[in-house]
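K.L.:
Here you go, one structure.
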Amino acid sequence: MAITQQLAEFVLAPSGRLAPAAVRARAARYIADTLAVTIAGSAEAGPRALEKAIQPSGDAGAIGVPWNAYRYRAADACLLYGMAAHILDYDDVSMLAVCHPSAPVVSALCVLAPSVPASGAQFIDAYIVGTEVSIRCGQAMGFRHYDLGFHATATLGSLGAAAACARLLGLSLAQTCHALAIAASLSAGIRKNFGSMVKSLHVGQAAAHGLQAARLANAGIQGAAEALEDGGWLKAFSGGMTDHWPADLKLGQPFAIDDPGFEQKRYPCCYLMHKIIQATLALRRQHGLSLDGLESARIDMCRGGATPLIHPLPRNGLNAKFSGPYAVAGALADGRVDLKSFEDDAVLRPAIQSAMAATSLVEGDIAPAQGSDLGNAPVTVSLAYGDGRRYAHTVTLSPGSVQDPLSDADLLEKARDCLARGLPDTSADTARAWFEAGLRLDARPSAREWLGGLRHDN
Numbered sequence: 000m001a002i003t004q005q006l007a008e009f010v011l012a013p014s015g016r017l018a019p020a021a022v023r024a025r026a027a028r029y030i031a032d033t034l035a036v037t038i039a040g041s042a043e044a045g046p047r048a049l050e051k052a053i054q055p056s057g058d059a060g061a062i063g064v065p066w067n068a069y070r071y072r073a074a075d076a077c078l079l080y081g082m083a084a085h086i087l088d089y090d091d092v093s094m095l096a097v098c099h100p101s102a103p104v105v106s107a108l109c110v111l112a113p114s115v116p117a118s119g120a121q122f123i124d125a126y127i128v129g130t131e132v133s134i135r136c137g138q139a140m141g142f143r144h145y146d147l148g149f150h151a152t153a154t155l156g157s158l159g160a161a162a163a164c165a166r167l168l169g170l171s172l173a174q175t176c177h178a179l180a181i182a183a184s185l186s187a188g189i190r191k192n193f194g195s196m197v198k199s200l201h202v203g204q205a206a207a208h209g210l211q212a213a214r215l216a217n218a219g220i221q222g223a224a225e226a227l228e229d230g231g232w233l234k235a236f237s238g239g240m241t242d243h244w245p246a247d248l249k250l251g252q253p254f255a256i257d258d259p260g261f262e263q264k265r266y267p268c269c270y271l272m273h274k275i276i277q278a279t280l281a282l283r284r285q286h287g288l289s290l291d292g293l294e295s296a297r298i299d300m301c302r303g304g305a306t307p308l309i310h311p312l313p314r315n316g317l318n319a320k321f322s323g324p325y326a327v328a329g330a331l332a333d334g335r336v337d338l339k340s341f342e343d344d345a346v347l348r349p350a351i352q353s354a355m356a357a358t359s360l361v362e363g364d365i366a367p368a369q370g371s372d373l374g375n376a377p378v379t380v381s382l383a384y385g386d387g388r389r390y391a392h393t394v395t396l397s398p399g400s401v402q403d404p405l406s407d408a409d410l411l412e413k414a415r416d417c418l419a420r421g422l423p424d425t426s427a428d429t430a431r432a433w434f435e436a437g438l439r440l441d442a443r444p445s446a447r448e449w450l451g452g453l454r455h456d457n
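Mapping to numbering that gives the first Met the number 0: the sequence shown position 351 is 350, numbers consecutive.
This is the structure in structure tokens:
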């Protein structure tokens with residue numbers, strides 16, 4: 000069977016055969032976490048600037064966002080949701096495809112669901128197929144795609160968002176194939192923009208492009224029948240290294256959201272910094288260390304481990320989210336890494352800048368075959384002090400990884416922090432009630448009711 004048709008048939012699978020209850024419960028967990036992170040991100044400079052660039056709309060079909068009283072055209076609302084979801088780099092990741100699977104899909108669905116209107120169960124169905132399409136396409140391409148300089152969250156996210164929206168709109172099999180073909184031509188995003196506002200704008204674009212692709216297909220726009228097939232999307236985005244899809248993508252066998260699952264972040268920065276942070280915090284805690292007297296630091300990672308860490312001497316908070324040296328310096332200085340750690344003033348402290356300048360990052364000789372190998376590779380932080388003291392600590396599992404997942408209590412605390420940042424008037428009890436309602440999304444007759452539960456003008 001052709002790959003495009005294989006994907007489309009999976010997207011439209013009957014709900015009863017789509018996923019068991021345990022998988023659906025996990026999906027609700029990821030969705031609630033993503034929207035909490037989105038609300039926190041809405042307070043950042045990037046989304047605030049984007050609000051100035053787009054115009055609110057008075058059209059009947061305009062869409063609201065939780066953090067202000069305005070409504071927007073669907074494409075603009077996707078940009079806002081997506082940029083806010085990703086600006087903090089606090090949203091979940093999948094090392095199977097080295098991407099953030101939830102943010103583009105959830106952003107597109109938050110815009111589309113109120114107008115359908117969709118139930119909570121329908122929202123979850125669409126989310127499951129969207130993230131599965133993103134990840135299995137990413138696996139087929141391999142790490143080469145990311146290594147070439149593409150931002151996989153954006154390129155894969157366009158396909159995933161298109162798949163999710165196609166399902167929610169109830170497209171036919173042929174229309175869904177066309178939606179995927181359209182989204183393939185709208186895929187874009189480069190890693191060179193990591194550490195800038197544009198990285199998160201990629202996610203907004205992916206959400207907008209996915210929704211646009213589904214709506215264009217619904218209106219009768221047709222794409223090439225084999226846009227994804229050999230010689231098409233796969234070859235183009237792998238730099239010609241991959242030109243043949245596996246015969247069977249194993250869609251839903253098992254579901255990637257369940258086996259192995261997604262990595263939910265404890266720290267609001269690039270996931271490949273998390274082991275560096277954990278190792279540094281362990282050294283600080285075990286030996287009572289600080290920046291005082293630090294002569295040098297060294298980070299040892301596997302080959303490819305530092306690929307996204309492109310800012311050795313960050314000059315602002317966004318840069319610092321992609322900096323191995325800052326992971327060491329910030330954790331060692333403060334004994335914690337949280338949202339405040341990535342404010343510009345925190346990064347520009349003279350002691351932090353000096354420590355980063357004295358930190359080296361070294362990659363090993365063995366390259367990962369897949370992103371999952373990268374996620375499981377050990378990271379060692381070594382510290383040398385002027386008085387001769389030497390310390391080293393190795394971490395293999397990141398907190399929030401599928402092997403060491405965040406607990407429900409961890410996620411609730413994260414959600415409270417996020418809502419307090421984006422909606423400061425939200426009480427802890429309200430935040431808890433909203434998050435717990437999100438965990439029960441599958442049983443809610445209206446996704447819109449939950450999505451709008453924190454709206455500024457309610």
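Even for Gly, the Cβ is constructed at its ideal location relative to N, Cα and C.
Spell out a yes or no on whether the segment 123-137 and the segment 159-170 are touching, meaning 3 or more CB-CB pairs, one atom from each, closer than 8 Å.
P.N.:
yes
K.L.:
Helix, strand or coil: how does DSSP classify E50 here?
P.N.:
helix
K.L.:
How about Y145 and G292: are their beta carbons less than 7 Å apart?
P.N.:
no
K.L.:
Given a cut-off of 7 Å, decide if S199 and G45 are closer than it, judged by their beta-carbon atoms.
P.N.:
yes
K.L.:
Pick from H310, D88, D229, A427: whose alpha carbon is nearest that of A1?
P.N.:
A check of alpha carbon separations from A1 across H310, D88, D229, A427 identifies D229 as the nearest.
K.L.:
Using the beta-carbon count (16 or more within 10 Å), is H310 buried or exposed?
P.N.:
By the 10 Å Cβ count, H310 comes out buried.
K.L.:
Could you check if L172 is buried or exposed, using at least 16 other CB atoms within 10 Å of its CB as the buried criterion?
P.N.:
By the 10 Å Cβ count, L172 comes out exposed.
K.L.:
Are V202 and G81 touching if we call contact CB-CB under 7 Å?
P.N.:
yes
K.L.:
On the DSSP bridge list, what partners appear for D90?
P.N.:
BP columns for D90 are empty, so no partner.
K.L.:
List the whole-angstrom C-beta distance separating L167 from Q121, where the pair is believed to meet the contact cut-off of C-beta under 8 Å.
P.N.:
6 Å
K.L.:
My guess is that I256 and A26 are in contact by the Cβ rule of under 8 Å, so how many angstroms apart are they, rounded?
P.N.:
The beta-carbon separation of I256 and A26, rounded to 6 Å, stays under the 8 Å limit for a contact.
K.L.:
Hey, how far is the Cα of L290 from the Cα of V361?
P.N.:
Those two C-alpha atoms are separated by around 21 Å.
K.L.:
If I'm right that I123 touches I181 with Cβ under 8 Å, what's the distance once you round it to whole angstroms?
P.N.:
In this structure, I123 and I181 do not form a Cβ contact; the two beta carbons are roughly 25 Å apart against a cut-off of 8 Å.
K.L.:
State the beta-bridge partners of E362 as determined by DSSP.
P.N.:
M300
K.L.:
Can you give the beta carbon distance from L271 to L308, rounded, assuming they're within the 8 Å contact cut?
P.N.:
6 Å
K.L.:
Let me know if A207 comes out buried or exposed under the rule of 16 or more other beta-carbons within 10 Å of its beta-carbon.
P.N.:
buried
K.L.:
CB-CB under 7 Å to T425, same chain, minus the five flanking residues each way: which ones, in chain order?
P.N.:
L418, A419, L453
K.L.:
For M355 versus Y390, is the C-beta distance shorter than 7 Å?
P.N.:
no
K.L.:
In whole angstroms, give me the CA-to-CA distance for H99 and A187.
P.N.:
15 Å
K.L.:
Give the single residue among L155, R348, R16 whose Cα lies nearest to the Cα of V104.
P.N.:
Just measuring C-alpha positions, the residue of L155, R348, R16 sitting nearest V104 is L155.
K.L.:
Buried or exposed: which applies to R284, given that a residue is buried once 16 or more other Cβ atoms fall within 10 Å of its Cβ?
P.N.:
Classification for R284: exposed.
K.L.:
Quick one: residues in its chain with C-beta nearer than 6 Å to the C-beta of L280, no 5 flanking neighbours on either side, listed in chain order?
P.N.:
A330
K.L.:
I need the boundaries of the alpha helix (DSSP H) containing S381, first residue and last residue.
P.N.:
It is not in any alpha helix (DSSP H) - S381 instead sits in the beta strand (DSSP E) that spans 378-384.
K.L.:
Note down the Cα distance separating F434 from S340, rounded to an integer number of angstroms.
P.N.:
25 Å
K.L.:
State the Cα-Cα distance for the pair A42 and S14, rounded to the nearest angstrom.
P.N.:
36 Å
K.L.:
To the nearest whole angstrom, what separates the beta carbons of Q277 and S397, a pair I think is in contact under 8 Å?
P.N.:
7 Å
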